[in-house]
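S.K.: Top to bottom, those sequences are chains A and B. Going left to right, the first sequence walks through residues 1 to 328 as this note's numbering numbers them. Going left to right, the second sequence walks through residues 1001 to 1328 as this note's numbering numbers them. Ideal Cβ placement from N, Cα and C applies to all residues, glycine included.
2 protein chains.
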Amino acid sequence: MDPSTVKIPPMKDLTHENITPNVHIINSQCPDARLRYLLTSLVSHLHDFARETRLTTDEWMAAIQFLTAVGQKCDDIRQEFILLSDTLGLSVLVDGMSHPKPPGATEGTVLGPFHTHDADRFEIGESICSPGKGEPMLVLCTVKDTAGNALENVTVDVWETDDSGRYDTQYPGRTSPDCRGVLTSGKDGFWFKCVKPVPYPIPSDGPVGKMLEKLHRHCYRPAHLHFKCKKDGYDELITALYIRGDPYETSDAVFGVKSSLITDIDSIADPAMADKYGMKVGDHLLKWDFVLITEQESKNLKDRLAREALAKLGSTARLEDGLPVADN
Amino acid sequence: MDPSTVKIPPMKDLTHENITPNVHIINSQCPDARLRYLLTSLVSHLHDFARETRLTTDEWMAAIQFLTAVGQKCDDIRQEFILLSDTLGLSVLVDGMSHPKPPGATEGTVLGPFHTHDADRFEIGESICSPGKGEPMLVLCTVKDTAGNALENVTVDVWETDDSGRYDTQYPGRTSPDCRGVLTSGKDGFWFKCVKPVPYPIPSDGPVGKMLEKLHRHCYRPAHLHFKCKKDGYDELITALYIRGDPYETSDAVFGVKSSLITDIDSIADPAMADKYGMKVGDHLLKWDFVLITEQESKNLKDRLAREALAKLGSTARLEDGLPVADN
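(1) What do you reckon, are the CB atoms on residue 313 of chain A and residue 1052 of chain B nearer than 8 Å?
(2) Starting from residue 1303 of chain B and walking both ways along the alpha helix (DSSP H), at which residues does that stretch end?
(3) Within 8 Å of any Cβ in chain A, is that where the Cβ of residue 1206 of chain B sits?
(4) Using DSSP with H/G/I as helix, E/B as strand and the rest coil, what is residue 1225 of chain B?
(5) Looking at the C-beta of residue 1095 of chain B, does it have a partner C-beta in chain A at a distance below 8 Å?
(6) Along chain A, in chain order, which residues have C-beta atoms closer than 8 Å to that of residue 1022 of chain B?
(7) Among the candidates A:227, A:182, A:221 and A:171, whose CA atom is the shortest distance from the CA of residue 198 of chain A?
(8) For residue 1195 of chain B, I'd like the list of residues in its chain whose CB is within less than 8 Å of its CB, leaving aside the five on either flank, ordered along the chain.
(9) Going by C-alpha distance, which of B:1173, B:1260 and B:1296 is nearest residue 1109 of chain B?
(10) Report the rounded CA-to-CA distance for residue 302 of chain A versus residue 103 of chain A, giving the unit in angstroms.
(11) Thinking just about the alpha-carbon of each residue, which of A:181, A:142 and A:169 is nearest to the one in residue 188 of chain A?
(12) Based on the DSSP output, what are the partners of residue 1128 of chain B in its beta bridges?
(13) By the 10 Å Cβ neighbour count, where 16 or more other Cβ atoms means buried, how is residue 217 of chain A classified, buried or exposed?
(14) Nearest-angstrom Cα distance between residue 170 of chain A and residue 77 of chain A?
(15) DSSP state of residue 1021 of chain B, grouped into three classes?
(16) Say whether chain A places a C-beta atom closer than 8 Å to the C-beta of residue 1043 of chain B.
(17) Any C-beta of chain A sitting closer than 8 Å to the C-beta of residue 1151 of chain B?
(18) Would residue 92 of chain A and residue 206 of chain A be called neighbours here (beta carbons separated by less than 8 Å)?
(19) Does the separation of the CB atoms of residue 34 of chain A and residue 27 of chain A fall below 8 Å?
(20) Under 8 Å Cβ-Cβ, which residues of chain B neighbour residue 135 of chain A?
(21) Compare the C-beta of residue 213 of chain A against all C-beta atoms of chain B and say whether one is closer than 8 Å.
(22) DSSP three-state label for residue 1166 of chain B, please.
(23) Verify the CB distance criterion: does residue 1083 of chain B have a CB-CB separation below 8 Å to chain A?
(24) Taking 7 Å as the limit between beta carbons, can you name the residues of its chain near residue 8 of chain A, skipping five residues before and five after?
(25) Cβ closer than 9 Å: which chain A residues qualify as neighbours of residue 1047 of chain B?
(26) Is there a Cβ of chain A sitting closer than 8 Å to that of residue 1309 of chain B, yes or no?
(27) Specify, as a first and last residue, the run of the alpha helix (DSSP H) that residue 1057 of chain B falls within.
(28) Using a Cβ-Cβ cut-off of 8 Å, state whether residue 70 of chain A counts as contacting chain B.
(29) Let me know if residue 62 of chain A comes out buried or exposed under the rule of 16 or more other beta-carbons within 10 Å of its beta-carbon.
(30) What is the rounded straight-line gap between the Cα of residue 99 of chain A and the Cα of residue 1021 of chain B?
(31) Among the candidates A:175, A:44 and A:118, whose CA atom is the shortest distance from the CA of residue 182 of chain A?
(32) Excluding five sequence neighbours on each side, which residues of the same chain lie with their C-beta closer than 6 Å to the C-beta of residue 1074 of chain B?
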């Protein structure tokens, strides 16, 4: 690089007191207003964290080594940085801001690492699990808009653990999908057969597992059933239903549980009902009414919440394409 | 894990609004007060960063992928996370807090990735560079305490680039150290021969290099000479001297330059002086007076600055072994 092309505004007499504004000065040449805004906020918080804690060089080095180990644990099927984000509550926060829901609509929650794109399509009423995968459960659902109109042709992706707490992808030598499936809603919603999900541990043999251990946290998620509901014109709903009374209901390792998503499981008592759905009396029964919002409802809500949040923070940022950038 | 052993205090009805206190609740079982304090501050700042920027899922995923790439770029001789910390100004901040200096003492700066432990020992007056490494430079130094007393037997580690801007470790097939050496101060300080250092780029072929490009920053460091001064009872001084007038003097890619560490280089004008030191008239001359502080001076200063900084931040933390922990 030709030094004469250095156009960076000069730092002001650098000390560790004024390092933060000096980093902002050097980053100020970034032509992308949003990236500039992200970096300014990131650097300010990073430095404030170090100042507030008087972070020592030994602690800094331990953090460098931890982050390096997290990166090096990642491969094609393992994403340890997402796990870190999950266990620090960042994932559910980002998801909540990106997909806010008005009262009455079904809340979203974290996607998690076990969704695949190869699930089979099923007809209404079929079982998404092969035989012997756990205690049989019937799931009866409706899908509506916020005005209460039934939504047909919603593509519903469902996935869950078997009764050993494992997703199909966690079995070595997996050749085909199991305990997952894609259905399409009709005017009465959709229903399918599956198994009762159970609690399971997140992968704990890496640096994030070590961190949880140091923090005296467990690595379990309460039992749940994942859903992804998609229809043109509607905000995609990524969510999960949690079984009430799970021992990890109030301490989910990745903070995915929300009160509005906790549901009771009944058992089928009526022989006629069992007969109608091809189940047995005593089998588990889960009923749920999904409510989707339109893309326009989502956009309006996101804009309003962004404005309210920035006002509450006393931020002078302005919104550009719905996202804050510095007001300069 | 036996669910009955879950002793974690329950989260309060999780929403993305209250995720931060909920993460604190789950982390509150950590028995190490300092780690608990670090995590509380880290999670608060991480969440505030996401809230302030309304971080989107796409941006979050880009950050996950960036951090993964940073981790995977690291190996035995490359530490991309330290480079990231350096380029965000964190390293110099942490170093400044860990090794504060009173007025009159020589300031410290970042160690950088090029220090080695295999440098040869040299007698006063020898050259630490093999022939042909650059423009000859004589370095004349004193080392004193804050009261002005000469300090003998200080171990002084020196390292620098050659005139191509490379450290010896950056040459493939390096068999022995060059442009680095260890000296011991006498009652008149120490002096040695070397070459005039030149500006050089930090490694820019990884994710951090890509980041700097996106920010329209250059990857250069101004010319400097590294010093590490060590003596029992004294706070180890890790510092560098920067050559005044360097084109990157006010835009160091890693924020290591401090005004008090910028020095002029003269040339040797007096033939008698050239003769005395075995140099030529016209060769470069660098003179510097190092002032070290004792471990006790360092500890007292660090404690005082920590107290002042916490008071300024309005923090209610108390100091334990000189470091803040939560007051509970």
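M.R.: Taking the structure as given:
(1) Counting from 1 along the first sequence, the entry for residue 313 of chain A is found at position 313. Counting from 1 along the second sequence, the entry for residue 1052 of chain B is found at position 52. In this structure, residue 313 of chain A places its C-beta atom within 8 Å of the C-beta atom of residue 1052 of chain B.
(2) Within the second sequence, the letter at position 303 stands for residue 1303 of chain B. Run containing residue 1303 of chain B: 1295–1313, per the alpha helix (DSSP H) assignment.
(3) Within the second sequence, the letter at position 206 stands for residue 1206 of chain B. Residue 1206 of chain B does not count as touching chain A.
(4) Locating residue 1225 of chain B in the second sequence gives position 225, where the first residue counts as 1. Here residue 1225 of chain B sits in strand by DSSP.
(5) Against the second sequence, residue 1095 of chain B aligns to sequence position 95. For residue 1095 of chain B, the nearest CB of chain A lies under 8 Å from its own CB, placing it at the interface with that chain.
(6) By 1-based counting over the second sequence, the position of residue 1022 of chain B is 22. Near residue 1022 of chain B (Cβ distances below 8 Å), the residues of chain A are 89 and 255.
(7) Here residue 198 of chain A refers to the residue found at position 198 when the first sequence is read from its first residue. Here the closest residue by C-alpha is A:221.
(8) Here residue 1195 of chain B refers to the residue found at position 195 of the second sequence. 1129, 1133, 1134, 1135, 1136, 1137, 1160, 1162, 1163 and 1179.
(9) The residue you call residue 1109 of chain B lines up with position 109 of the second sequence. Taking each of B:1173, B:1260 and B:1296 in turn and checking the Cα distance to residue 1109 of chain B, the smallest one comes out for B:1260.
(10) Start at 1 with the first residue of the first sequence, and residue 302 of chain A comes out as number 302. Start at 1 with the first residue of the first sequence, and residue 103 of chain A comes out as number 103. Their backbone Cα atoms lie some 14 Å apart in a straight line.
(11) Locating residue 188 of chain A in the first sequence gives position 188, where the first residue counts as 1. It is A:142 whose Cα lies nearest to the Cα of residue 188 of chain A.
(12) Residue mapping note: residue 1128 of chain B aligns to position 128 of the second sequence, counting from 1. Residue pairing by DSSP places residue 1128 of chain B opposite no residue, since no beta bridge is assigned to it.
(13) Here the question's residue 217 of chain A lines up with position 217 in the first sequence. Per the 10 Å Cβ criterion, buried.
(14) Here the question's residue 170 of chain A lines up with position 170 in the first sequence. Here the question's residue 77 of chain A lines up with position 77 in the first sequence. If I take the Cα positions, the gap works out to 10 Å.
(15) Taking the first residue of the second sequence as 1, we reach residue 1021 of chain B at position 21. If DSSP states are grouped into helix, strand and coil, residue 1021 of chain B belongs with the helices.
(16) What you label residue 1043 of chain B is simply residue 43 of the second sequence in a count that begins at 1. Closer than 8 Å: yes.
(17) As a working note, residue 1151 of chain B is residue 151 in the second sequence. Not closer than 8 Å to any Cβ of chain A, the Cβ of residue 1151 of chain B fails to qualify, so no.
(18) Your numbering for residue 92 of chain A matches position 92 in the first sequence. Your numbering for residue 206 of chain A matches position 206 in the first sequence. Their beta carbons are not under 8 Å apart, which means residue 92 of chain A does not touch residue 206 of chain A by this criterion.
(19) What you label residue 34 of chain A is simply residue 34 of the first sequence in a count that begins at 1. What you label residue 27 of chain A is simply residue 27 of the first sequence in a count that begins at 1. Their beta carbons are not under 8 Å apart, which means residue 34 of chain A does not touch residue 27 of chain A by this criterion.
(20) Numbered from its first residue, the first sequence carries residue 135 of chain A at position 135. Per Cβ cutoff of 8 Å: no residues; residue 135 of chain A is ~18 Å from chain B at best.
(21) As a first step, residue 213 of chain A is located in the first sequence; it is residue number 213 there, counting from the start. Chain B places no beta carbon closer than 8 Å to that of residue 213 of chain A, leaving this residue out of the contacts.
(22) Here residue 1166 of chain B refers to the residue found at position 166 when the second sequence is read from its first residue. Here DSSP, grouped into helix, strand and coil, assigns residue 1166 of chain B to coil.
(23) For this step, residue 1083 of chain B is matched to residue 83 along the second sequence. Residue 1083 of chain B has a beta carbon lying at 8 Å or more from every beta carbon in chain A.
(24) Within the first sequence, numbered from 1, the residue matching residue 8 of chain A stands at position 8. Within the same chain, residue 8 of chain A has close Cβ partners 26 and 29.
(25) For the purposes of this step, residue 1047 of chain B is taken as the residue at position 47 of the second sequence. For residue 1047 of chain B, the chain A residues whose Cβ falls inside 9 Å of its Cβ are 88, 89, 90 and 93, in order along the chain.
(26) Within the second sequence, the letter at position 309 stands for residue 1309 of chain B. So yes, residue 1309 of chain B belongs to the interface.
(27) Here residue 1057 of chain B refers to the residue found at position 57 of the second sequence. That run of the alpha helix (DSSP H) goes 1057–1073.
(28) Here residue 70 of chain A refers to the residue found at position 70 of the first sequence. In terms of beta-carbon proximity, residue 70 of chain A lines the interface with chain B, with at least one pair separated by less than 8 Å.
(29) In the first sequence, residue 62 of chain A corresponds to position 62, counting from 1. Classification for residue 62 of chain A: exposed.
(30) Translated into positions along the first sequence, residue 99 of chain A becomes position 99. Translated into positions along the second sequence, residue 1021 of chain B becomes position 21. In this model, residue 99 of chain A and residue 1021 of chain B are separated by some 21 Å (Cα to Cα).
(31) Start at 1 with the first residue of the first sequence, and residue 182 of chain A comes out as number 182. Per the Cα distances, A:118.
(32) Translated into positions along the second sequence, residue 1074 of chain B becomes position 74. In chain order, 1080 place their CB closer than 6 Å to the CB of residue 1074 of chain B, counting only its own chain and leaving out the 5 sequence neighbours on each side.
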